[in-house]
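Asks:
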Amino acid sequence: MSEREAILAGLRAARPLEAPPAPDYAVIAGKGWDPAERLLRLKRCMAAVRTEFIEAWPDDWPRAVVDWMLREQLPDLLYGPGTAEGRALAAAWPDQGPRLRPYDRPVESFKRELFEEVAAGFTTTLGGIAETGGLLLAPGPAEPRLLSLVPPVHLALLRADRIFDTLFQAFRELGWDRGLPANALVVSGPSKTADIEQTLAYGVHGPKRLIVVLAG
Amino acid sequence: MSAELEVDFLAASTRALGDPQLRRNFRRAMDGLMAKRAAAFADPDEWTRMRALGASIRAKNLLKLPELLERLELNLCKNGIQVHWARTTDQANQIVLDLLRARGVTALVKGKSMVSEEMGLNHFLEAHGVEALESDLGEYIIQLDGEMPSHIIMPAIHKNKDQIARLFSERIKQAKYTEEVDELTAMARTVLRRKFLEAGAGLSGVNFAVAETGTLCLVENEGNGRMSTHVPPLHLALMGLEKVVERLEEVAPLYSLLTRSATGQAISTYFNLISGPRGPGELDGPREVHVVILDNGRSRICQDPELRATLACIRCGACMNHCPVYTRIGGHAYQAVYPGPIGSILTPQVEGAGLRHELPHASSLCGACAEVCPVGIPITHLLIRLRREAGHVLPGSPVRGGGGARSRREDLAWRAWSWVVGHPGAYRAAVWCATRLWRLLPARAPVLEAWTRSRAKPRAAGASLQELARRKGVDHV
């Protein structure tokens, strides 16, 4: 008998029990917040863990990103060229000033550059979570996984009309309960730790700053 | 791992109690964690309903374990994640080593995994020439000092920043001495970023594994989990078989209960859902993802309808944060991978009720652990059950080593007591003697000495309750 069979046989030998009461999800479902309330809650929760916000008009956010990069004097921004937002960003990018670098090669060919040079990464999001704060990301071929992880600054585009009440609701509305992309992610702030005397320190392994580009 | 130590809870806890620095570190940390948790569950009605939801989800999943594990395996495979089964920690270690060797990997970066602690994986790999580096800041700190975690969520909670500052300045090349937490954190970042970049494989634990979608969920704040699972070409995930949940929507409340109970956070910084290796067209991510599903006594525990609740645990650590015993002796005194109340019920079931018979007694049965448990594990009941297991072979119990701590002296004492209380004449005589002669008994008398070593000898009443009642004219006593 293989280990697998032995383990499963052991589990099947368990004495049957009465079924527990069916889970009642009412307590986490249906917050019923209006869009303004959702936005307010998301901002409050995320700002509390040191997330920064750039406010922009729905069609003018690339300019806001450029302005922010200039203000912060960051040398370059890595982005995924395969998305509509990536193309909009490239179209608005000025010839002078910070470099806009496409993430268009397998990571193996520029791992060291990615770790040691790139100052900031830009990604889109699928939306946000009002109850707790948090951005929903689904990296993939158009927007590689490490864009939102390795560069010290992560800029994330959030459409103000794409904020869900709860993670529970987001799972359902994004259809993730039926199947997920190879990697999906919730990010609620910059990387942090409290492992030394419970003292909060930001920027331990992941991005030191999270900037939400809020469009709408 | 704990088998290598000489197990002596009494000695270890006595030592810990005599260490004022350790006690200050724990008191401060646990007070902080308790306050944060309380603030996160400020609405008692919401807490009650959330806990009921969490408990019902976990109970339902445990009831369907074999079926869910098969579905999980099927869906993980569909997603391109390879599944391995291990009955023992030895088998699990071997699986990990074989996977690494077949790919020529000599350096592994690790995200936090309690199952890997259970396996003693780091020692095993190092003995076989593979460097296993912890990347969670707390785990990194204790690995530098050659220690075990003293808490399942905050492994280095027993150390204060002066101790960590000294450790870093001694063990990290070119590190200067600093007590600034931000600078200490930055040092670890610099060292570990290089390791993430170079490691041939990354290892992680699993907080929840979703059967329906074939997904591994990882909860973390630092980003080292994402680094370990997405930067190296190979990702190995270790999970206890009880981690499986049926559907993704069940994860939402469990995740909320986990972070709020553990650290009072409404949500962690990162919630990472992994459902496959690097896909077609993807430019990064691991080429291969493997999961090792570990039993290590769990399927045995599952057979007992009462003990099964132990497996509902989502490893939040709230029971230890609220335990008056844990707060005073710290995690190391338990000499077990899982300290605190959850460890005191889990360890005897895994390692043997007789061998670890002291652990279920490391509790005042105040019930704080059960009160804060987000999935409603009746920890106090299970502590009592395991106290009985230690001294008696209970028919049908799956616990090994039951009755292993039986003492002939104790047996004899109980038999004598039971005979005395069964014979009214003998009982009256015994009580008469005890109340009159108690005063003459020296405080340091054998047996009594175990109590009076740290307490005053109690004073006995001059007459028993029955005698007093009779004097008052109650004649049917």
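Those protein sequence lines, which keep their order, are chains A and B. Numbering follows our numbering, in which position 49 of the first sequence is assigned residue number 37; successive positions increment by one, without gaps. With positions in the second sequence counted from 1, the corresponding number in our numbering is that position plus 37. Built from N, CA and C at the ideal position, the CB exists for glycine as well. Quantities reported herein were computed from a predicted structural model and do not represent experimental measurements.
Rounded to the nearest angstrom, how far is the Cβ of B/Val120 from that of B/Glu107, given a contact under 8 Å?
Replies: Numbered from its first residue, the second sequence carries residue 120 of chain B at position 83. Numbered from its first residue, the second sequence carries residue 107 of chain B at position 70. The pair is not a contact, with the Cβ atoms about 10 Å apart (cut-off 8 Å).
Asks: Taking Cβ positions only, does A/Thr48 come closer than 8 Å to chain B?
Replies: If you number the first sequence from 1, residue 48 of chain A lands on position 60. According to the sequence as given, residue 48 of chain A is Asp; it is not Thr. No, because no Cβ of chain B sits closer than 8 Å to the Cβ of A/Asp48.
Asks: Just reading off the beta strand (DSSP E) that B/Asn197 is part of, what are its end residues?
Replies: The sequence position of residue 197 of chain B within the second sequence is 160, counting from 1. Segment: none, B/Asn197 is in no beta strand (DSSP E) and carries neither H nor E.
Asks: Please classify B/Thr51: is it buried, with 16 or more other beta-carbons within 10 angstroms of its beta-carbon, or exposed?
Replies: Taking the first residue of the second sequence as 1, we reach residue 51 of chain B at position 14. Classification for B/Thr51: exposed.
Asks: Can you tell me the Cβ-Cβ gap for A/Pro11 and B/Ser172, rounded? I've got them flagged as a contact below 8 Å.
Replies: Counting from 1 along the first sequence, the entry for residue 11 of chain A is found at position 23. Counting from 1 along the second sequence, the entry for residue 172 of chain B is found at position 135. Contact doesn't hold; Cβ gap of about 35 Å is too wide.
Asks: Any chance you could list the beta strand (DSSP E) runs of at least 3 consecutive residues sitting entirely within the segment 199 to 266 of chain B, in chain order?
Replies: Taking only runs of at least 3 residues, the beta strand (DSSP E) segments lying wholly in the segment 199 to 266 of chain B are 238 to 241, 245 to 247 and 252 to 257.
Asks: Quick check: the Cα distance between B/Arg74 and A/Gly122, rounded to an integer number of angstroms?
Replies: Taking the first residue of the second sequence as 1, we reach residue 74 of chain B at position 37. Taking the first residue of the first sequence as 1, we reach residue 122 of chain A at position 134. B/Arg74 and A/Gly122: Cα-Cα distance of roughly 20 Å.
Asks: Can you round the beta-carbon distance between B/Arg297 and B/Val247 to whole angstroms, since I take them to be within the 8 Å contact cut?
Replies: Taking the second sequence and counting its residues from 1, the one referred to as residue 297 of chain B is at position 260. Taking the second sequence and counting its residues from 1, the one referred to as residue 247 of chain B is at position 210. 21 Å between Cβ atoms; not a contact.
Asks: Measure from the alpha carbon of B/Gly334 to the alpha carbon of each residue in B/Arg61, B/Ala123, B/Asn62 and B/His188, then state which is nearest.
Replies: By one-based count along the second sequence, residue 334 of chain B stands at place 297. Selected option, being the one with the closest Cα: B/Ala123.
Asks: Can you tell which of B/Ala299, B/Asp341 and B/Gly389 has the C-alpha that lies nearest to the C-alpha of A/Arg3?
Replies: Here residue 3 of chain A corresponds to residue number 15 of the first sequence, with the count starting at 1. Measuring from the Cα of A/Arg3, the nearest candidate turns out to be B/Asp341.
Asks: What does a CB cutoff of less than 6 Å around B/Leu229 pick up in its chain, not counting 5 residues either side in sequence?
Replies: Looking up residue 229 of chain B in the second sequence gives position 192. So the qualifying residues of the chain are Ser172.
Asks: Which residues share a DSSP beta bridge with A/Arg213?
Replies: With chain A represented from -11 up to 204, any question about residue 213 of chain A goes unanswered, as that position is not in the structure.
Asks: Contact criterion: CB-CB distance below 8 Å. Does B/Leu275 meet it with respect to chain A?
Replies: Residue mapping note: residue 275 of chain B aligns to position 238 of the second sequence, counting from 1. No, because no Cβ of chain A sits closer than 8 Å to the Cβ of B/Leu275.
Asks: Tell me where the alpha helix (DSSP H) around B/Gln503 begins and ends.
Replies: Your numbering for residue 503 of chain B matches position 466 in the second sequence. It spans Leu502 to Arg508 - the alpha helix (DSSP H) in which B/Gln503 sits, taken as one unbroken run.
Asks: Shorter than 8 Å from the beta carbon of A/Lys99 to some beta carbon of chain B?
Replies: What you label residue 99 of chain A is simply residue 111 of the first sequence in a count that begins at 1. Yes, because at least one Cβ of chain B sits closer than 8 Å to the Cβ of A/Lys99.
Asks: Find the residues of chain A that neighbour B/Asn309, judging by a C-beta separation of less than 7 Å, and give them in chain order.
Replies: Here residue 309 of chain B is taken as the residue at index 272 of the second sequence, counted from 1. What B/Asn309 touches in chain A: Leu173.
Asks: Which runs of the alpha helix (DSSP H) spanning at least 4 residues fall entirely within the segment 455 to 490 of chain B, listed in chain order?
Replies: Counting whole runs of 4 or more residues, the segment 455 to 490 of chain B contains the alpha helix (DSSP H) stretches 461 to 474 and 486 to 489.
Asks: Assign A/Phe41 to one of three DSSP states: helix, strand, or coil.
Replies: Stepping through the first sequence from its first residue, residue 41 of chain A is reached at position 53. Correct three-state label for A/Phe41: strand.
Asks: Kindly indicate which three-state DSSP category B/Gly277 falls into: helix, strand or coil?
Replies: By one-based count along the second sequence, residue 277 of chain B stands at place 240. Here B/Gly277 sits in strand by DSSP.
Asks: DSSP three-state call for A/Tyr64: helix, strand or coil?
Replies: Taking the first residue of the first sequence as position 1, residue 64 of chain A is located at position 76. Per the sequence shown, the amino acid found at residue 64 of chain A is Asp instead of Tyr. Three-state result, A/Asp64: strand.
Asks: In the DSSP assignment, the alpha helix (DSSP H) including B/Asn112 goes from what residue to what residue?
Replies: For the purposes of this step, residue 112 of chain B is taken as residue 75 along the second sequence, with counting starting at 1. Its alpha helix (DSSP H) spans residues Leu102 to Lys115.
Asks: Give a yes or no on whether the minimum CB-CB distance between A/Thr111 and chain B is below 8 Å.
Replies: If you number the first sequence from 1, residue 111 of chain A lands on position 123. For A/Thr111, the answer is no, since every Cβ of chain B falls outside 8 Å of its Cβ.
Asks: Would A/Pro132 pass as an interface residue toward chain B - the criterion being a Cβ-Cβ separation below 8 Å?
Replies: Here residue 132 of chain A corresponds to residue number 144 of the first sequence, with the count starting at 1. With 8 Å as the cut-off, A/Pro132 counts as an interface residue toward chain B.
Asks: Would you check if the segment 308 to 323 of chain B and the segment 163 to 173 of chain A touch, i.e. whether three or more CB-CB distances between them fall below 8 Å?
Replies: Yes: the two stretches touch, three or more of their Cβ pairs being nearer than 8 Å.
Asks: At the 8 Å Cβ level, is B/Gln534 part of the contact set with chain A, yes or no?
Replies: This structure cannot speak to residue 534 of chain B, because chain B is shown only from 38 to 514.
Asks: A/Thr181 by DSSP, collapsed to three states: which one?
Replies: Here the question's residue 181 of chain A lines up with position 193 in the first sequence. Strand at A/Thr181.
Asks: Of all the alpha helix (DSSP H) runs that stay within the bounds of the segment 340 to 387 of chain B, which reach a length of 4 or more residues?
Replies: Counting whole runs of 4 or more residues, the segment 340 to 387 of chain B contains the alpha helix (DSSP H) stretches 355 to 358 and 361 to 366.
Asks: Should B/Ser39 be labelled buried (16 or more other beta-carbon atoms within 10 Å of its own) or exposed?
Replies: Position 2 of the second sequence, counted from the first residue, corresponds to residue 39 of chain B. Per-residue confidence for B/Ser39 stands at a pLDDT of 41, beneath the threshold of 50, marking its modelled position as unreliable; the derived number appears in the next sentence. So B/Ser39 counts as buried.
Asks: Does the Cβ-Cβ distance between B/Glu249 and B/Asn112 come in under 8 Å?
Replies: As a working note, residue 249 of chain B is residue 212 in the second sequence. As a working note, residue 112 of chain B is residue 75 in the second sequence. Taking 8 Å as the Cβ cut-off, B/Glu249 and B/Asn112 qualify as a contacting pair.
Asks: Would the segment 155 to 166 of chain A count as touching the segment 249 to 258 of chain B if we require 3 or more Cβ pairs under 8 Å?
Replies: Result yes; three or more Cβ-Cβ pairs closer than 8 Å.
Asks: According to a CB-to-CB cut-off of less than 8 Å, which residues of the segment 125 to 154 of chain B neighbour chain A?
Replies: Those residues of the segment 125 to 154 of chain B that come within reach of chain A (Cβ to Cβ, closer than 8 Å) are Gln128.
Asks: Given 8 Å as the limit, is there contact between the segment 145 to 156 of chain A and the segment 279 to 294 of chain B, that is, 3 or more CB pairs closer than that?
Replies: Cβ pair count under 8 Å is three or more, so yes.
Asks: Which class does A/Lys36 belong to by DSSP, given the choice of helix, strand or coil?
Replies: Counting from one through the first sequence, the residue named residue 36 of chain A turns up at place 48. The sequence shown places Ala at residue 36 of chain A, rather than the Lys named in the question. In the structure shown, A/Ala36 sits in a helix (DSSP, three-state: H, G or I).
Asks: Could you say if the segment 465 to 475 of chain B and the segment 494 to 503 of chain B meet the contact criterion of at least three C-beta pairs nearer than 8 Å?
Replies: Cβ pair count under 8 Å is three or more, so yes.
Asks: Taking the beta strand (DSSP E) that A/Leu173 falls in, what are its first and last residues?
Replies: The residue you call residue 173 of chain A lines up with position 185 of the first sequence. Note, A/Leu173: beta strand (DSSP E), Asn171 to Val175.
Asks: Would you say A/Val95 and B/Leu320 are within 8 Å of each other, going by their C-beta atoms?
Replies: Residue 95 of chain A sits at position 107 when you count from the first residue of the first sequence. Residue 320 of chain B sits at position 283 when you count from the first residue of the second sequence. Yes, the pair counts as a contact, with Cβ atoms nearer than the cut-off.
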